[in-house]
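*Asks:*
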Amino acid sequence: MIQRVLVANRGEIAVRVIRACRVLGIEAVAICSDADQAAMHVRLADDVVHVGPSQATHSYLNMAAVVAAAKISRCDAVHPGYGFLAENARFAELCGEQGLIFVGPEPSAIRMMAEKDTARTVAAEANVPIIEGTDAGLPEELDLREEIRRIGLPVLIKAAAGGGGRGMWLVREETEFPEAVRRASAEAAAAFGDGSVYVEKYIGRARHVEVQVLADAHGNVIHLGERDCSAQRRHQKLVEEAPSNVVDEDSRRRLCEAAVRLTKRCGYRGAGTVEFLFDLDSGKFYFIEMNTRIQVEHPVTEMVTGIDLVVEQLRIASGEPLSSRQEDVFTSGHAIECRINAEDVNRDFAPAPGLLTEFAPPGGAQVRCDTHCYTGYEVPPYYDSMLAKVIVHGRDRDDAIQRMQAALAETNVDGVATTIDFHKRLLASTDFRNDSFDTAWVEKVLLPAIRIGETGECNDEVGAP
Ligand code: MV4
16 MIQRVLVANR GEIAVRVIRA CRVLGIEAVA ICSDADQAAM HVRLADDVVH VGPSQATHSY
76 LNMAAVVAAA KISRCDAVHP GYGFLAENAR FAELCGEQGL IFVGPEPSAI RMMAEKDTAR
136 TVAAEANVPI IEGTDAGLPE ELDLREEIRR IGLPVLIKAA AGGGGRGMWL VREETEFPEA
196 VRRASAEAAA AFGDGSVYVE KYIGRARHVE VQVLADAHGN VIHLGERDCS AQRRHQKLVE
256 EAPSNVVDED SRRRLCEAAV RLTKRCGYRG AGTVEFLFDL DSGKFYFIEM NTRIQVEHPV
316 TEMVTGIDLV VEQLRIASGE PLSSRQEDVF TSGHAIECRI NAEDVNRDFA PAPGLLTEFA
376 PPGGAQVRCD THCYTGYEVP PYYDSMLAKV IVHGRDRDDA IQRMQAALAE TNVDGVATTI
436 DFHKRLLAST DFRNDSFDTA WVEKVLLPAI RIGETGECND EVGAP
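Quick note: to get the numbering used here, add 15 to the position in the sequence shown (first position is 1).
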C-alpha cells in the first residue's frame, strides 16, 4: 500500500485528497506557493513543502519543483487532483522515472486521450458511437468537398490538440469551408503547436452526459453510471447532477457499456470520465472526449453510489483490486452539485478575489460542502475562482432541487461576489425544473433573462413555476 502521498494541488481538491488519505491511514504531504501558506490544505496535511512563488506556472505547474517536493518529503506517490498537472503525460512519466507512483493512468493512456483525433479513432475501434466526420489532417490533406457533402452542414472543425471546448470552429456554408479549415488549422498551430484538424457534423441541441469509470491494474473495469453537466457557460460547468433523467434505461445501459469498452481499449487504469453528447433531436449519444483525471463533479456520483472515488484511486494506485464488482454497484436517488465561485455574474463572471469576511457553509441531512474556505480566508487572485461545491442528495430530482434550495438559502458568503444568487435563479427556473434545457441554455436563455430582470424590464423569476 502507498504510505505517503504528495498532494500536488491546492484548494478544495487538495483537501478532498488529504481526507481520502486519512481514511486509508496514508500520510499526506501538501505543496504550497507563497500565496497559500495559510491555506486549508496546508493546515490539514501531515507535512508541507513550499514549491515557489504565487503564480501557478512557477509553483503548482513547475514539474521539477513538484517532483523534487515528493522526493524531499519521502513520498512514494503523487496525487495530481484536477487541473494543473493532472493530465500532463510528461509529468506522469517524470514521476515514474523518479520511482514515484502517479495516481492516475499510464502516460500512454493520457496521451492517447489528449489527442482528440486519436481518442476518436480508438473509440471507433471500441465500437463506441462517434459523430459523423473525418480523420485528422492538415487542410491540404483533407478532401474537403467530398467529405462535407457526405457529412452535411453545418459542421464543426476541431483541433486535434484542442479539447474542453478549445479549438472549435462552426461552419454553416459550403463556400466558407475551405478558408475556414485553413484558418482553423493556422489558429490551432499557433495555440497548440499542432495544426491538425478534423471535421464533425455539428450537433445543435444536446446534453452533456458523461460516464464515470474505474479500472484497476488487474484488468477489472466498471462504470458508476452517468452525470449530466449540461448547465454550462463557456465550457465552465456550473451545475452537475447524477443520474441524467433525459437518458432512458436502454440508452443508459448502452452509454455505460460503451464507456467501459473504451476504457478497456486504451489500457486505462484509475478513475476516468468518458464524455458524450446526447443529441436531443435523435436521442442518440456520441463520444466526444475522455478525461483522464478525477473531476470536479465526482461527488454527485459518490452520493448516488456510496463509493468514495478518491479512496478508489489510491487503492488502485497501490495495486489493490477494485472494491466493487459491476453487479454490486447500485445507484439510488438523485444528486446535484452547485459550484460556488468567487465571480461577479453581472460583470461577465469576472473573478472576484478578496477577503471572506464571512463564510458559512450549509449543512444538514444529505448535504455535503467540499471547500477549503473559512471566515477570514483571503481568496488569492492567482488561481481558479471556485470557493466551494455544495452537493445534495434527494430521493428523486425534485427532492434534490428542494434540498439544494434549502442548502443555498443558509449558505452565507460575504466580502466577495459569488455565484450563489445565480444558482438560486437557475434552480427556480421552469426550464431547469422541467429538465428541459441543453448545453446552450445558460448562455442563450437563462443569463439574458437574468440580465433583463436586473434592469427591471422583466420579472426576475425566469420562467417562474
Ligand atoms: C460538439 C458540439 C456539437 N457538435 N461536437 C464542446 C467541448 C468539447 N468537449 C466538445 N464540445 C462540443 N462538441 C459536435 N460535433 C458541441 C460541443 C459543445 C458542448 C459540448 C458539451 C457541453 C457543452 C458544450 C457547449 C458548446 C459546445
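For every residue, glycine included, the Cβ atom is placed at its ideal position computed from N, Cα and C.
Assuming residue 26 and residue 399 form a contact by the criterion Cβ under 8 Å, report the distance between their Cβ atoms to the nearest whole angstrom.
*Replies:* Correct: roughly 7 Å between the Cβ atoms.
*Asks:* Taking only heavy atoms of the ligand MV4 into account, decide whether any of them is closer than 6 Å to the Cβ of residue 247.
*Replies:* Checking the Cβ of residue 247 against the ligand MV4 gives yes.
*Asks:* Which same chain residues end up closer than 7 Å to residue 149 when comparing Cβ atoms and leaving out the 5 residues on each side of it in sequence?
*Replies:* Excluding positions up to five away in sequence, the list reads 157, 162, 213 and 214.
*Asks:* Residue 453 and residue 270: beta carbons closer than 7 Å?
*Replies:* No, Cβ-Cβ distance for residue 453 and residue 270 is not below 7 Å.
*Asks:* Identify, in the order they occur along the chain, each residue of the same chain with its Cβ nearer than 6 Å to the Cβ of residue 80, setting aside the five sequence neighbours on each side.
*Replies:* For residue 80, where only same-chain residues beyond five positions count, the Cβ hits under 6 Å are 66 and 67.
*Asks:* Measuring alpha carbon to alpha carbon, tell me which residue in 164, 203 and 377 is nearest residue 182.
*Replies:* Out of 164, 203 and 377, 203 has the C-alpha closest to the C-alpha of residue 182.
*Asks:* Within 10 angstroms of its Cβ, does residue 347 collect 16 or more other Cβ (buried), or is it exposed?
*Replies:* Exposed.
*Asks:* Can you tell me which residues form a DSSP beta bridge with residue 427?
*Replies:* Note: residue 427 sits in a beta bridge opposite 375.
*Asks:* Let's see if you can read the secondary structure: which residues bound the alpha helix (DSSP H) around residue 123?
*Replies:* Start and end: 122 to 129.
*Asks:* Need the endpoints of the alpha helix (DSSP H) that residue 438 sits in, please.
*Replies:* Residues 435 to 443.
*Asks:* Where residue 46 and residue 89 are concerned, what is the direct C-alpha to C-alpha distance, given to the nearest angstrom?
*Replies:* Cα to Cα, the separation comes out at about 13 Å.
*Asks:* Between the region 426 to 442 and the region 368 to 383, can you find at least three pairs of beta-carbon atoms closer than 8 Å?
*Replies:* Contact holds: three or more Cβ-Cβ distances are below 8 Å.
*Asks:* Leaving out five residues on either side along the sequence, give the residues of the same chain with a beta carbon under 6 Å from the beta carbon of residue 129.
*Replies:* Answer for residue 129: no residue qualifies.
*Asks:* So, do the region 141 to 148 and the region 214 to 225 have three or more beta carbon pairs nearer to each other than 8 Å?
*Replies:* They touch, by the three-pair rule.
*Asks:* Report the CB separation of residue 360 from residue 434 in whole angstroms; it is logged as a contact under 8 Å.
*Replies:* That belief holds up - the Cβ atoms of residue 360 and residue 434 are roughly 6 Å apart, short of 8 Å.
*Asks:* Among 169, 94, 51 and 304, which residue has its Cα nearest to the Cα of residue 134?
*Replies:* Comparing Cα positions, the closest option is 304.
*Asks:* What three-state label does DSSP hand residue 361 in the structure shown?
*Replies:* Helix.
*Asks:* Three-state secondary structure (DSSP) at residue 341?
*Replies:* Three-state DSSP puts residue 341 in a helix.
*Asks:* Express the C-alpha separation of residue 385 and residue 31 in angstroms, rounding to a whole number.
*Replies:* C-alpha separation (whole angstroms): 7 Å.
*Asks:* Considering only residues of the same chain and omitting the five flanking positions on each side of residue 71, which have a CB-CB separation below 8 Å?
*Replies:* If we look at residue 71 and ignore the five residues flanking it on each side, its Cβ neighbours are 48, 99, 397 and 398.
*Asks:* Indicate whether the contact test is met: 3 or more Cβ pairs, each with one atom in the region 306 to 318 and one in the region 135 to 142, closer than 8 Å.
*Replies:* Flag = no, the region 306 to 318 and the region 135 to 142 do not touch.
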